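Chains as they are written, first to last, in our numbering: chain W, 55 to 262; chain R, 55 to 262.
A short worksheet on the structure shown next.
Number of protein chains: 2
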Amino acid sequence: MAVRLMIVDDHALFRQGLKSLLMLQPNIVVVGEVDRASALDDALAATPCDIILLDLQMERWLMDEIPSLSKRAAVIVLTATESAASGVKALRLGARGLVHKRFAIETLMTAIEAVAEGLVWMPPIVQAEFAAEGGPAARQLTTREAEIVRCVASGMRNGEVATQLSISESTVKTHLNNIFQKLALRDRMELTHYAISSGLVAVQNRDR
Amino acid sequence: MAVRLMIVDDHALFRQGLKSLLMLQPNIVVVGEVDRASALDDALAATPCDIILLDLQMERWLMDEIPSLSKRAAVIVLTATESAASGVKALRLGARGLVHKRFAIETLMTAIEAVAEGLVWMPPIVQAEFAAEGGPAARQLTTREAEIVRCVASGMRNGEVATQLSISESTVKTHLNNIFQKLALRDRMELTHYAISSGLVAVQNRDR
DNA sequence: GAACCTCTCCATCGAAGGGTGTAGCAGGTC
DNA sequence: GACCTGCTACACCCTTCGATGGAGAGGTTC
Chain W
55 MAVRLMIVDD
65 HALFRQGLKS
75 LLMLQPNIVV
85 VGEVDRASAL
95 DDALAATPCD
105 IILLDLQMER
115 WLMDEIPSLS
125 KRAAVIVLTA
135 TESAASGVKA
145 LRLGARGLVH
155 KRFAIETLMT
165 AIEAVAEGLV
175 WMPPIVQAEF
185 AAEGGPAARQ
195 LTTREAEIVR
205 CVASGMRNGE
215 VATQLSISES
225 TVKTHLNNIF
235 QKLALRDRME
245 LTHYAISSGL
255 VAVQNRDR
Chain R
55 MAVRLMIVDD
65 HALFRQGLKS
75 LLMLQPNIVV
85 VGEVDRASAL
95 DDALAATPCD
105 IILLDLQMER
115 WLMDEIPSLS
125 KRAAVIVLTA
135 TESAASGVKA
145 LRLGARGLVH
155 KRFAIETLMT
165 AIEAVAEGLV
175 WMPPIVQAEF
185 AAEGGPAARQ
195 LTTREAEIVR
205 CVASGMRNGE
215 VATQLSISES
225 TVKTHLNNIF
235 QKLALRDRME
245 LTHYAISSGL
255 VAVQNRDR
């Protein structure tokens with residue numbers, strides 16, 4: 055019984071490379087590859103699969119999709135950042151595996167096999183983090199606050215955030231103050247560093 | 055005559071995948087793959103090659119190496135960011151090709167063939183940027199301005215930067231305004247994204 | 001129903017940031 | 001000497017941000 059995989063990554067070179075690498079493995083069939091979230095539904099409808107390999111760089115679009123995705127197939131998240139936080143978040147949302155892109159194909163295969171058997175696989179470091187978070191229960195941001203963080207940390211001004219989210223600038227300020235309180239941060243600059251380092255936002259700068 | 059390639063990327067999955075993908079191509083031989091700058095010298099000494107595929111994510115370590123590398127083999131830079139700026143910089147430093155990771159293998163092959171023939175290959179958008187910068191003579195940041203950028207982008211306020219560099223806050227503002235002008239940026243938030251994405255400042259992971 | 005949380009909104013005010021122009025001085029080059 | 005670049009500094013003015021305190025609507029929990 056071969057494991058049926060689907061690859062979701064917006065980098066064609068990585069996607070195609072991974073596919074060609076996986077096809078060399080026994081008991082693995084890559085049944086599809088898509089470059090964006092909108093194509094995933096169609097692909098899943100066309101060809102059911104056992105495991106979805108999901109690029110976490112796309113978390114902005116897909117993090118929230120993990121819960122529903124995980125009902126249709128086991129999700130293994132591929133991440134490029136060293137931050138355990140975003141990986142832990144993905145796992146909490148229902149991902150069944152977490153594999154760093156710097157790992158070798160052998161490690162990915164181990165994870166795939168484990169997940170195919172119904173287990174959850176993650177690197178030891180993340181495992182520690184995952185266990186640790188059960189204790190102190192740090193004050194989590196609300197979903198609205200998280201939205202504000204994404205907007206602000208990606209460079210938007212308060213007024214722009216307000217327009218984007220269809221709320222008043224006053225509300226944006228209120229949220230922002232609450233966020234600063236919760237995370238013990240000084241201003242939007244520190245918030246940006248926090249957001250980037252913990253994988254909440256990706257750095258992608260425009261062509262000047 | 056096969057083209058001899060060497061792959062430099064710290065993500066094993068990408069590296070191995072790309073290798074397996076390239077080995078399917080005619081006239082291509084992957085003679086080596088390394089995960090870090092320090093291993094590149096040894097690899098080049100052991101097995102000479104025609105083209106080096108270099109991950110630009112590693113630019114912090116390797117950008118400065120491009121001039122010397124390009125004497126030993128043609129360098130094609132693989133980049134994950136959409137920013138033309140860093141690509142243009144790499145080309146100015148001697149890279150012979152620039153390929154985005156979201157491109158398909160066919161595009162990479164086109165670039166490899168072009169570079170193997172002695173040409174320089176880059177995406178049309180970057181080509182425009184490259185040409186444009188030839189005119190106004192892309193104004194580089196001065197060393198002082200770069201210092202200001204590092205301070206500001208790492209979260210310091212103008213007053214703190216002034217203290218740090220032992221200059222007045224007015225001077226910091228002057229520098230900052232000049233920097234905004236040169237880089238066509240709006241404010242310190244955009245500057246932060248620019249600095250991080252182009253490797254001027256690093257963001258350490260905090261794993262909460 | 002009371003307590004609590006979340007999201008929404010407002011006013012006010014001081015702090016910080018940013019735009020524009022101007023200018024002195026040191027170091028080089030033509 | 002004339003010219004240019006880079007670093008320094010200031011004034012003036014306006015915008016944006018952040019802190020504080022208050023408040024109502026809707027929801028959940030106990």
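Glycine included, C-beta positions come from ideal geometry on N, C-alpha and C.
These numbers were taken from a predicted model, which means no experiment stands behind them.
Is it the case that the region 68-76 of chain W contacts the region 63-77 of chain R, given that we only count it when at least three CB pairs across the two stretches are under 8 Å? yes
Just grab the DSSP bridge partners of R/S109 for me. Residue 109 of chain R is actually Asp in this sequence, not Ser. According to DSSP, which records beta bridges pairwise, R/D109 is partnered with R/L132.
Note down, in chain order, every chain W residue with its Cβ under 8 Å from the Cβ of R/H229. Within chain W, no residue comes near R/H229; the closest Cβ sits about 17 Å away, beyond 8 Å.
Beta-carbon contacts of R/D241 that lie in its chain and below 8 Å, excluding the five residues immediately before and after: Cβ neighbours of R/D241 within its own chain (closer than 8 Å, five residues either side excluded): F234.
Tell me, please, whether the CB atom of W/I233 is closer than 8 Å to any CB atom in chain R? With a threshold of 8 Å between beta carbons, W/I233 makes no contact with chain R.
Given a threshold of 16 other Cβ atoms within 10 Å of its Cβ, counted over all protein chains shown, does R/G209 qualify as buried or as exposed? Classification of R/G209: buried, given that the 10 Å Cβ count is 16 or more.
Determine the chain R residues that contact W/D74 at a beta-carbon separation under 8 Å, and present them in chain order. The amino acid occupying residue 74 of chain W in the given sequence is Ser; Asp does not appear at that position. Those within 8 Å of W/S74 in chain R are G71, S74, L75, L78.
Evaluate R/R90 with the Cβ neighbour count: other Cβ atoms within 10 Å of its Cβ, from every protein chain shown; 16 or more gives buried, anything less gives exposed. exposed
Report the neighbours of R/T246 on chain W: residues whose CB is nearer than 7 Å to its CB, in chain order. M243, T246
Tell me whether R/R69 sits in a helix, a strand or coil according to DSSP, three-state version. R/R69 falls in the helix class under three-state DSSP.
Could you tell me the boundaries of the beta strand (DSSP E) in which W/V57 lies? 57-62
Could you tell me the distance, in whole angstroms, from the CA atom of W/A56 to the CA atom of W/D104? 10 Å
I'd like the list of long-range same chain contacts for R/P190, defined as Cβ closer than 7 Å, with 5 residues on each side in sequence excluded. Per-residue confidence for R/P190 stands at a pLDDT of 42, beneath the threshold of 50, marking its modelled position as unreliable; the derived number appears in the next sentence. Setting aside the 5 residues that flank it on each side, R/P190 has no residue in the same chain whose C-beta is closer than 7 Å to its C-beta.
Within the region 152-182 of chain R, note down every full beta strand (DSSP E) run reaching 3 residues or more, in order along the chain. none
Chain W beta carbons: is any one of them nearer than 8 Å to that of R/L67? yes
Any beta-carbon of chain W closer than 8 Å to the one on R/A165? Answer no: the Cβ-Cβ gap between R/A165 and chain W never drops below 8 Å.
Look at the alpha carbon of R/L59 and the alpha carbon of R/A127, and state the distance between them as a whole number of angstroms. 9 Å
At least three beta-carbon pairs within less than 8 Å, the region 198-205 of chain R to the region 214-229 of chain R: Counting C-beta pairs closer than 8 Å gives three or more between the region 198-205 of chain R and the region 214-229 of chain R, which meets the contact rule.
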